[in-house]
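S.K.: Under the numbering used here, the letters of the sequence shown match residues 4 to 194, in that order. All C-beta atoms in this analysis are idealised placements derived from N, C-alpha and C, irrespective of residue type, glycine included. Every value quoted in this text rests on a predicted model; they were computed, and no experiment measured them.
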Amino acid sequence: MTLIDEKRTLRSTMLAWRGGLDEEQRRAAADGLLVTLRRERPIETPSIVSGFWPIKEEIDIRPLMIELFNEGCQMALPVVQGRGQPLLFRAWRPGDPLEAGVFGTLQPAARRETLEPDALLVPLLACDEDGWRLGYGGGFYDRTLVGLRARRKVTAVGVGFDAQIMPDVPHGPSDQRLDWMLTDRRASAFV
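Given below as structure tokens:
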């Protein structure tokens, strides 16, 4: 089985698992993220933090983003610029209107300030205990992290359900490791 096939198989498995969660489990997980954040601190405050608007049954990090904003962080949301391009980040505040982006995402309007984050909350389908992340396959976060890390220190924090942590996630030379994993039950730093 090739690396592409391994990733495709794991993506299908994880999408099906996440799709089977009920609303109560999702709500409890979003609440659990806040408890974990308050107990463990993968993100320094204040700082510029990129979040994401949840899609495809991702864990709801909107309460987490509001918490970080209330702690003095400048928040941003990613914008897909195009295939093969890194992400762009636009300023976001709770209550700001959002516009439709690609892949079902919502993003701040083009008139909002572009920011370069100190920390990124990164969506995922799976992560292993070494910090390797499986996303949707577009490579947007990998390309973005390569560019940001070439310029300065940034912290990449994968955010998901605790059951998304696997013993091993297939990865290749273009994949970027996470610095932290934040779930509804724990926060883990990767060395």
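Would the segment 169–186 and the segment 128–136 be scored as touching if the rule is three or more Cβ pairs under 8 Å?
M.R.: Yes: the two stretches touch, three or more of their Cβ pairs being nearer than 8 Å.
S.K.: Since Leu71 contacts Met78 with CB under 8 Å, what's their CB separation in whole angstroms?
M.R.: Position 68 of the sequence shown, counting from 1, holds the residue named residue 71. Position 75 of the sequence shown, counting from 1, holds the residue named residue 78. At roughly 6 Å, the Cβ-Cβ gap stays under 8 Å, so Leu71 and Met78 are in contact.
S.K.: Would you identify the three-state DSSP class for Asp165, choosing helix, strand or coil?
M.R.: To locate residue 165, count along the sequence shown from 1; it is residue 162. Three-state result, Asp165: helix.
S.K.: Does DSSP put Gln84 in a helix, in a strand, or in coil?
M.R.: On the sequence shown, residue 84 is found 81 positions in, with the first residue counted as 1. Here Gln84 sits in coil by DSSP.
S.K.: For Phe106, is the classification buried or exposed, using 16 other Cβ atoms within 10 angstroms of its Cβ as the cut-off for buried?
M.R.: By one-based count along the sequence shown, residue 106 stands at place 103. Phe106 is exposed by the Cβ-count criterion.
S.K.: Nearest by alpha-carbon distance to Glu74: which of Val52, Leu128 and Asp187 is it?
M.R.: Counted from its first residue, the sequence shown places residue 74 at position 71. When only C-alpha atoms are compared, the closest one is Val52.
S.K.: With distances taken between CB atoms, is the gap from Leu118 to Ala94 smaller than 8 Å?
M.R.: For the purposes of this step, residue 118 is taken as residue 115 along the sequence shown, with counting starting at 1. For the purposes of this step, residue 94 is taken as residue 91 along the sequence shown, with counting starting at 1. The answer is yes: Cβ separation under 8 Å.
S.K.: Specify, as a first and last residue, the run of the alpha helix (DSSP H) that Val149 falls within.
M.R.: Counted from its first residue, the sequence shown places residue 149 at position 146. Unbroken alpha helix (DSSP H) run through Val149: Phe143 to Arg154.
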